[in-house]
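With my numbering as the guide, the letters of the sequence shown map in order to residues 1 to 704.
Heads up, the beta-carbon is just placed ideally off N, CA and C, and yes, glycines get one too.
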Amino acid sequence: MNKLGTSISFQMPDGKEITIETGKLAKQADGSVVVRMGNTMLLATVVSAKEAKEDVDFLPLTVDYQEKYASAGKFPGGFFKREARPSEHEILISRLVDRAIRPMLPDDYHADTFLNINLISLGNDDMPDALAGLAASAAISVSDIPFNGPISEARVARIDGEYVVNPGKTDLERADIDMLMAGTLESIIMVEGEMNECSEEEMIKAIEVGHEAIKLQCTKQNELVAMLNVQKREYSHENHDEELKQRIEDFCFDKIQEVARKQNADKLQRADDFKAVKEALLETLSEEEKEEKAFMINQYFGSISKKAIREVALSDKIRLDGRKNNEIRPIWCEIDYLPSAHGSSIFTRGETQSLTTVTLGTKMDEQMVDGATTSGTLDFMLHYNFPPYSTGDARPYRGVGRREVGHGNLALRALKKVLPDSETNPYTVRIVSDILESNGSSSMATVCAGSLALMDAGVKVKAPVSGIAMGLISDGNRYMVLSDILGDEDHLGDMDFKVTGTEQGITACQMDIKLKSLDFNVLKEALHQAREGRLHILNEMNTLIHEPREDYKPHAPRIVKTSIPKEFIGAVIGPGGKVIQEIQKQSKAIITIEEKGDVGIIEIVSSDKAAIDKAMSMIKGITTMPEIGEVYEATVKTIMPYGAFVEFLPGKEGLLHISEIEWKRLEKVEEVLNIGDQVNVKLLDIDEKTGKYKLSRKVLLNKN
C-alpha cells in the first residue's frame, strides 16, 4: 500500500481541527507522523532495534522532545546559535510522554527504542506540549513496533469557571486549574498539573473532561491504523524456563510472605531479610543453573517477590513496615538550622529527609529563559538534588538527571501558588532541596521542607503547603489505597500519585497509573484519603511554624522600592552608567532600574539600612526638582573671580555670586570658601529662559 500522504483529520469539541499525517516525512524511521493543529506542527519519529540485547528485562526507551527555534522564526541565544542540550521545559515534556508511552509497550519487549518529537512549526498562541503525546502515540501506532495503545494527551484548564481543552497561551494565563493528562480509550494513565487551591471534586471533573478529548484522539488513531493496514513485528526477547520458575515460586513464595508479615520498619533490615531468602534459594540450585541461568533466577525472584508481597497487602491488609493503610510515618522538623542561609529547614518523614535552603536575591539574580516557545525571566526557582548516599548507594554523583528535574518542577508548582505578588515580595527566590535520606516520596518532603524554609526566611506565603505520596494495590476485585508510600510500595503498586496543597485545597498533583482501567470512585476515595494525610502532615509542620516570620533574617538583603518619572531614568543612570555606578560606590548598595509605563521602578538592595538611606538620598537628589525658597547643603565645585559654582543637588549646579556669600564685601571668594567645602545655600530664583539657578548664602546668616 502506498502510504505517501495518508492522513486523517478531525475536530476537537472547541472546533480546533487536528490532522495526523504519515508516509510523507522521515520514511526510513519505523514510524513517523506529523500532527498539525492550526499553524502548529509536530514531527514524531520512532525507531526500535530489531533484536534486544542479552540479559535485559526492562524496556530501554528514550524519549526526546525538542522545540526547534526556527519553528517560531527565532535564533537560538548564546555563542553557537544552534540548538544545544534540552532545556528543563523540554526535559519535562519528554518525561510526560515517556510516563504515558512506557506502560503501553509490552512487558516482554526489550529492544532499544528511540522516540523523538520535534516542534517544527509554532502557531502564535498554541501550546504544543499538549500535542506531544498524541504525536508520539501515532508514530508508534503506524509503525510495526508492538504497542498496547493508542494513548493521547490533553491539557485541561479552568478559565473563568469553564473547563477548556488545549487552551491557548493567552487564555491559560487566567486559569486557576492547569492539568496535562494522558490516557487510553479505557482509562486515564498519567496526570500532572497545578491549581489555585482547588477541591478534589474539581480536580476529578477536570480529569473527566480531559478523558473525553483523549478518547476522541485515540479513536482517530485507530482509524488511521486501519487505513494503513499496519502489521506488527514478531519478537522474542525473553527466554523462559517454566520448571525453574515454578521451583523458585514453590521455595520462595511463603518465605517472602513471612518477611512481609514481619512488618519491619527498617528499610535496610527488611532488604537483608529478603536477601536472606534469595541466598537460601541459591543454595538449592546447582552451580550450573546459577551460572547459566543467573539472569532468569534474578528475574523470577523479583516477579515472585512482588506477587507475594501484593497478596499479603490485599488479603491481610498488612504493609511492609506495619502501618495501617492511611497511617503516616513519624515526622520531625527543624527550621533556622543553617545560620548563614536566608531561610532553612529540615523535614524528616520516616526514612526520607530533605535539607532545604531559601536564598533571597534581586532582579539581577533572575534566571533568563530563552526558548523557542517562551522567553523572559524567572524570579522563582526550585532545585532538587538526589545524591547517591541518600539511598546508601556507593557511586559518584554525576549531576542532575531527568528525574531530579521532574521532582523539582513538581515541588516548584506546589509552592509557587502560595507565593505573594511582587509588590509584597520584591525578591528573586531560590529554593534548594538536598535529599539526605530517601525511602519514598522525596519530592513531597521537598514541598514540606520548602514551605517551612520560606516561612523561616520571612517570605509572606499565603498559607503553608504540605504534600503526600499515595499508592494503590489492586487485583481487579480487591484494592488497598496506601498513604505515604515507601519506595518498595511504589515499585509494587498499580498507581503512584502525589498531591500537594494547603488547608484550603490542592496546589499541584502528579499521577501515574499502571491499571488498564481505573474506577473513578476508587480515585475519589484515594484523593480524599490523601487530603486526610496532607492535613495530618500540615498539622505536624504547624506545631513548629505556621506563618511567616514577621521580618527577614538580619543578614538577608533588604529591598526598598521607589518610583521616579520616566524622564529621570537617564539622569539616574548617567552617561555610560556613570551616575548609578557612583551611587552604588558611595552607598555600597545594589541598585536596579526597570521602566514600566510612565515611571521607572528603582530597587535599592542592601543588608545595611544606612546604605539604603544613602542611596535613596542620592537618587532623590537627582530626581527632585529644585524649589525656590528651599535651603540645600551644597558642595563647592569651582571658584571663579566673580563667585563659586556649587552643586546643591546631585547633577544640579548654580552660581553663588561673590556678593551672595557674605553681607560684607569680599575681595576674593577664597576669603570664605574653598573647593570641596560644604555650605548651606538658599535657592532665590530660577531664570525661566536659561534655567540658571540664583543662590545665596548670606540670606541664611545674621546681618551685622
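What runs of the alpha helix (DSSP H), each 4 residues or longer, lie entirely inside the region 120-162?
The qualifying runs are 132-141.
3 or more residues per run - each beta strand (DSSP E) lying fully within the region 316-398
331-335, 343-349, 352-361, 367-370, 375-378, 380-385
Can you check whether the CB of Met-495 is closer than 7 angstroms to the CB of Ala-469?
Looking up residue 469 in the sequence shown gives position 469. Looking up residue 495 in the sequence shown gives position 495. For Ala-469 and Met-495, no; Cβs fall outside 7 angstroms.
Residues of its chain near Val-33, where Cβ-Cβ distance is below 7 angstroms and the 5 sequence neighbours each way are ignored
On the sequence shown, position 33 is the one that residue 33 refers to. The residues are Ile-20, Glu-21, Thr-22, Ala-44, Ala-135, Ala-138, Ala-139, Val-142.
Out of Asp-144, Ile-101, Asn-124, point me to the one whose CA is closest to Gln-28's CA.
Taking the first residue of the sequence shown as 1, we reach residue 28 at position 28. Out of Asp-144, Ile-101, Asn-124, Asp-144 has the C-alpha closest to the C-alpha of Gln-28.
Please check the pair Leu-492 and Gly-450, which I expect to be a contact at CB under 8 angstroms, by giving their CB distance rounded to whole angstroms.
Here residue 492 corresponds to residue number 492 of the sequence shown, with the count starting at 1. Here residue 450 corresponds to residue number 450 of the sequence shown, with the count starting at 1. About 28 angstroms separates the two Cβ atoms, so there is no contact after all.
Does the Cβ of Asp-488 have 16 or more other Cβ atoms within 10 Å, making it buried, or fewer, making it exposed?
As a working mapping, residue 488 is identified with position 488 in the sequence shown. Its Cβ being crowded by 16 or more others within 10 Å, Asp-488 is buried.
Which residue from Val-631, His-89, His-211 puts its Cα closest to that of Met-12?
Along the sequence shown, one-based indexing puts residue 12 at 12. The shortest Cα separation from Met-12 among Val-631, His-89, His-211 belongs to His-211.
Classification of Lys-363 by the beta-carbon crowding that lies within 10 angstroms, buried from 16 upward
If you number the sequence shown from 1, residue 363 lands on position 363. Lys-363 is buried by the Cβ-count criterion.
Is Lys-698 near Glu-662, with beta carbons less than 7 angstroms apart?
The residue given as residue 698 occupies position 698 in the sequence shown. The residue given as residue 662 occupies position 662 in the sequence shown. Contact flag set, yes.
Validate contact between the region 323-332 and the region 266-279 using beta carbons, cut 8 angstroms, 3 pairs
no
Cβ-heavy atom distance between Glu-670 and the ligand MG below 6 angstroms?
For the structure depicted, the ligand MG is absent and the ligand set is empty, with no information on it obtainable.
Decide if Asn-2 is buried, meaning its Cβ has at least 16 other Cβ atoms within 10 Å, or exposed.
Here residue 2 refers to the residue found at position 2 when the sequence shown is read from its first residue. For Asn-2, the pLDDT reaches just 44, beneath the cut-off of 50, and the residue's location in the model is therefore unreliable, although a value from the coordinates is still provided. Classification for Asn-2: exposed.
Inter-residue Cα distance where the pair is Tyr-163 and Ala-206
On the sequence shown, position 163 is the one that residue 163 refers to. On the sequence shown, position 206 is the one that residue 206 refers to. Going by the C-alpha atoms only, they are around 7 angstroms apart.
Can you name the start and end residues of the beta strand (DSSP E) that Arg-36 belongs to?
Working through the sequence shown from its first residue, we reach residue 36 at position 36. Residues 31-37.
Neighbourhood of Gly-123 by C-beta, 7 angstroms cutoff - its chain only, sequence neighbours within 5 removed:
By 1-based counting over the sequence shown, the position of residue 123 is 123. Shown here for Gly-123: same chain residues with a beta carbon closer than 7 angstroms to its own, the five before and five after excluded, namely Gly-38, Asn-39, Thr-40 in chain order.
Residues bridged to Thr-500 (per DSSP):
Taking the sequence shown and counting its residues from 1, one reaches residue 500 at position 500. Gly-467, Ala-508.
Among Leu-180, Ser-236, Asp-108, which residue has its Cα nearest to the Cα of Glu-51?
By 1-based counting over the sequence shown, the position of residue 51 is 51. Looking at the Cα atoms, Ser-236 is the closest of the given residues.
What whole-angstrom Cβ distance do Gly-440 and Ala-571 have, given they're in contact under 8 angstroms?
One-based indexing of the sequence shown puts residue 440 at position 440. One-based indexing of the sequence shown puts residue 571 at position 571. Not quite, the Cβ-Cβ distance comes to about 59 angstroms (not below 8 angstroms), so this is no contact.
Complete runs of the beta strand (DSSP E) confined to the region 226-255 [at least 3 residues]:
none
With a CB to CB cut of under 7 angstroms and the five nearest residues on each side skipped, what residues in its chain are close to Ala-741?
With the chain covering 1 to 704 only, the question about residue 741 has no answer from this structure.
According to DSSP, what are the bridge partners of Val-46?
Counting from one through the sequence shown, the residue named residue 46 turns up at place 46. For Val-46, which the question treats as bridged, DSSP gives the partners Gly-31, Leu-115.
For Ile-8, which of Ala-226, Arg-82, Ala-84 has the nearest alpha-carbon?
Within the sequence shown, numbered from 1, the residue matching residue 8 stands at position 8. Measuring from the Cα of Ile-8, the nearest candidate turns out to be Ala-226.
Would you decide whether Asn-118 is buried or exposed? Buried here means 16 or more other CB atoms lie within 10 Å of its CB.
Sequence index remark: in the sequence shown, residue 118 carries index 118 (1-based). Counting Cβ neighbours within 10 Å, Asn-118 comes out buried, since at least 16 surround it.
Can we say the region 385-403 touches the region 77-85, given the rule of at least three CB pairs closer than 8 angstroms?
no
When the Cα of Tyr-69 is compared with those of Asp-178, Glu-90, Ile-214, which residue comes out closest?
As a working note, residue 69 is residue 69 in the sequence shown. Among Asp-178, Glu-90, Ile-214, the Cα nearest to that of Tyr-69 belongs to Glu-90.
Find the nearest neighbour of Asn-477 within the set Ser-466, Ser-483, Ser-517, judged by alpha-carbon distance.
Here the question's residue 477 lines up with position 477 in the sequence shown. Of the candidates Ser-466, Ser-483, Ser-517, the one whose C-alpha sits nearest the C-alpha of Asn-477 is Ser-517.
Measure the Cβ-Cβ separation of Asp-336 and Asp-456 and say whether it is below 7 angstroms.
Counted from its first residue, the sequence shown places residue 336 at position 336. Counted from its first residue, the sequence shown places residue 456 at position 456. Yes, Cβ-Cβ distance for Asp-336 and Asp-456 is below 7 angstroms.
Buried or exposed for Pro-128, please, with buried defined as at least 16 other CB atoms from any protein chain shown within 10 angstroms of its CB.
As a first step, residue 128 must be located in the sequence shown, where it is residue number 128. Label assigned to Pro-128: buried.
For the putative contact between Leu-92 and Gly-406, defined by C-beta atoms under 8 angstroms, what is the C-beta separation to the nearest angstrom?
Position 92 of the sequence shown, counted from the start, is the residue given in the question as residue 92. Position 406 of the sequence shown, counted from the start, is the residue given in the question as residue 406. That pair is a contact at about 6 angstroms.
I'd like to confirm the pairing. Which residues does DSSP put opposite Val-679 in its beta bridges?
Counting from one through the sequence shown, the residue named residue 679 turns up at place 679. Partner(s): Ala-634.
Which residues mark the beginning and the end of the alpha helix (DSSP H) in which Glu-404 is found?
On the sequence shown, residue 404 is found 404 positions in, with the first residue counted as 1. From DSSP, the alpha helix (DSSP H) with Glu-404 extends over 402-416.
Three-state class that DSSP yields for Leu-454 in the structure shown:
Indexing the sequence shown from 1 puts residue 454 at position 454. Correct three-state label for Leu-454: helix.
Pick from Glu-186, Met-195, Arg-174, Thr-170: whose alpha carbon is nearest that of Leu-180?
Locating residue 180 in the sequence shown gives position 180, counting from the first residue. Answer by Cα proximity: Met-195.
Excluding the five sequence neighbours on either side, which residues of its own chain have a C-beta within less than 8 angstroms of the C-beta of Lys-460, listed in chain order?
Translated into the one-based positions of the sequence shown, residue 460 becomes position 460. Pro-420, Thr-424, Asn-425, Pro-548, listed in sequence order.
Less than 7 angstroms between the C-beta atoms of Asp-256 and Ser-315, yes or no?
One-based indexing of the sequence shown puts residue 256 at position 256. One-based indexing of the sequence shown puts residue 315 at position 315. Correcting the residue identity first, residue 256 is Ile in this sequence and not Asp. For Ile-256 and Ser-315, no; Cβs fall outside 7 angstroms.
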